[in-house]
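A.B. asks: Residue numbers (our numbering), protein chains in the order written: chain W, 16 to 306; chain V, 12 to 173.
For reference, the structure I am asking about is given below.
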């Protein structure tokens, strides 16, 4: 249905935003790309009093590599993530995630900050942020703080963001030459949220030994799930068929998926195991893939 | 009411809009441009696809109030420019319009393929159009029309290089 009657404020600076929050208090709702928020208005799933449009605030824009940190402004749109040369080079997992996110017209509006703040457990970017060990730069009228993506997601559509606080940027360690990454998911139709997905990041040395594995699953819990046991099963091992089997087995202890519209928990466990095997197989040397 | 000044199909337009007005209702009800269709009105069906600042968007998921200074192109502007005349001819030849409700959105999205992915395969065409629903389910004719247009344009480019 049509959106409810609502207010609108165009913030051109952070000061404009803080001012709008002071004026409207809890009724103020930040509007970035709006690709989820505006649909929830149509469904009356949310009824904020005033939309505060932050898309013209320059501090929240841009992608830059500075002092060994890749900083992705919160307003960076999905389509921009997919074609940015710095992201392609230093965070290829994020570029690889883009084609899975909704459809081209939505990718032209939706933002990385919005996706992380909304925290859909089946969305790609929250899982990528956890897998890449991202740090989120948060701003409010009271000041700034930095939190790890890993602890940022606290439950279904829930995060550490406090009232009045926004995500300003996502900060990532640039990918090392040894980094391997992949994102895979299963969904019924192209562009749908995943029934199950994996964002896999690890390092492989010249001998094929795994370091710093961060396999992260989405669509299988109330938030992105860092597969601690599967990662422990991989760390320090040479990546081969036996190591992959061990990780798949250890994964059982990492997942406690809820039943949802797609099917029962055991189906999600099955999909997660299959995706883990497929993702890790991509990192095997060519001769083992052939075997 | 929020004052906005923007460009729609090359013409400068100034209006006062309610914040609850999305771009498609603004185009249809305030400007009388009824080529863009409101379908699901929650971002799923793609019937409302239009260009904002050169890139396709879901018109139902963009507040008109946010568009001060923007450049909007609708199916009317795209048709008048002649940019997709060949694509439209292929739609007609294959009866790819059927009831016609999804057609403006399909053409806007297909134009995006023609512009950004001139070498798209059939699978890539289907993927790019996957966010546009046709409830007549006439997808094959639509994909055929896009594919034929791409092939024709590629052949023409080849010809020009000779």
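All C-beta atoms, glycine included, are put in the ideal place defined by N, C-alpha and C.
Treat the numbers as computed from the prediction; the structure is a model and nothing was measured.
1) Using the C-alpha atoms, what's the distance from residue 95/W back to residue 159/W?
2) How would you label residue 88/W, buried or exposed, when you count the other beta carbons within 10 angstroms and need 16 or more for buried?
3) Which bits of chain V does residue 70/W rub up against, with CB to CB less than 8 Å?
4) Does the count of Cβ pairs from the segment 172-184 of chain W and the segment 258-270 of chain W closer than 8 Å reach three?
5) Give the list of continuous alpha helix (DSSP H) stretches no shorter than 4 residues that lie fully inside the segment 210-262 of chain W.
6) What are the start and end residues of the alpha helix (DSSP H) that includes residue 88/V?
7) Straight-line CA distance for residue 157/W to residue 70/W?
8) Residues of the segment 122-142 of chain V with a CB closer than 7 Å to any CB of chain W: list them in chain order, please.
9) For the segment 145-152 of chain W against the segment 47-66 of chain W, do three or more pairs of beta-carbon atoms, one drawn from each stretch, fall closer than 8 Å, so that the two count as touching?
10) I need the boundaries of the alpha helix (DSSP H) containing residue 66/V, first residue and last residue.
11) Along the chain, where does the beta strand (DSSP E) containing residue 27/V start, and where does it finish?
12) Starting from the C-beta of residue 277/W, find all residues in its chain whose C-beta is less than 6 Å away, skip the five residues before and the five after it, and write them out in chain order.
13) Taking the alpha helix (DSSP H) that residue 138/V falls in, what are its first and last residues?
14) Are there 16 or more other CB atoms within 10 angstroms of the CB of residue 178/W, so buried, or fewer, so exposed?
15) Is residue 188/W helix, strand or coil when you go by DSSP?
16) If we cut at 8 Å on Cβ distances, does residue 17/W have a partner in chain V?
17) Shorter than 7 Å, the distance from the beta carbon of residue 50/V to the closest heavy atom of the ligand FAD, or not?
18) Look at residue 47/V and residue 38/V and say whether their C-beta atoms are less than 8 Å apart.
19) Could you check what DSSP says for residue 150/V in three-state terms: helix, strand or coil?
20) Following the continuous beta strand (DSSP E) through residue 98/W, name the residue where it begins and the one where it ends.
21) Can you give me the start and stop residues for the alpha helix (DSSP H) that residue 119/W sits inside?
22) For residue 283/W, name the three-state secondary structure that DSSP assigns.
C.D. replies: To lay it out plainly:
1) Translated into the one-based positions of the first chain, residue 159/W becomes position 144. Translated into the one-based positions of the first chain, residue 95/W becomes position 80. Using only the alpha carbons, I get a separation of about 26 Å.
2) Translated into positions along the first chain, residue 88/W becomes position 73. The residue is buried, with at least 16 neighbouring Cβ atoms inside 10 Å.
3) Position 55 of the first chain, counting from 1, holds the residue named residue 70/W. Here the neighbours are 77.
4) no
5) 243-249
6) Against the second chain, residue 88/V aligns to sequence position 77. Its alpha helix (DSSP H) spans residues 86-92.
7) Taking the first chain and counting its residues from 1, the one referred to as residue 157/W is at position 142. Taking the first chain and counting its residues from 1, the one referred to as residue 70/W is at position 55. Going by the C-alpha atoms only, they are around 21 Å apart.
8) 123, 138, 139, 141, 142
9) no
10) By one-based count along the second chain, residue 66/V stands at place 55. Note, residue 66/V: premise wrong, no alpha helix (DSSP H); beta strand (DSSP E) at 66-69.
11) On the second chain, residue 27/V is found 16 positions in, with the first residue counted as 1. Per DSSP, residue 27/V belongs to the beta strand (DSSP E) from 22-28.
12) Indexing the first chain from 1 puts residue 277/W at position 262. Around residue 277/W: 210.
13) Taking the first residue of the second chain as position 1, residue 138/V is located at position 127. Residue 138/V -> alpha helix (DSSP H) spans 133-139.
14) Stepping through the first chain from its first residue, residue 178/W is reached at position 163. Exposed, since its Cβ has fewer than 16 Cβ neighbours within 10 Å.
15) Indexing the first chain from 1 puts residue 188/W at position 173. Residue 188/W: coil per DSSP, three-state reduction.
16) As a first step, residue 17/W is located in the first chain; it is residue number 2 there, counting from the start. So, interface residue.
17) Although the ligand FAD was asked about, the structure shown includes no ligands whatsoever.
18) Here the question's residue 47/V lines up with position 36 in the second chain. Here the question's residue 38/V lines up with position 27 in the second chain. Yes; because the gap between Cβ atoms is below 8 Å, this pair is in contact.
19) Counted from its first residue, the second chain places residue 150/V at position 139. Here residue 150/V sits in helix by DSSP.
20) Position 83 of the first chain, counted from the first residue, corresponds to residue 98/W. Segment 93-98 is the alpha helix (DSSP H) holding residue 98/W; no beta strand (DSSP E) there.
21) Reading the first chain from its first residue, position 104 is the one you call residue 119/W. Note, residue 119/W: alpha helix (DSSP H), 119-122.
22) Along the first chain, one-based indexing puts residue 283/W at 268. Three-state result, residue 283/W: helix.
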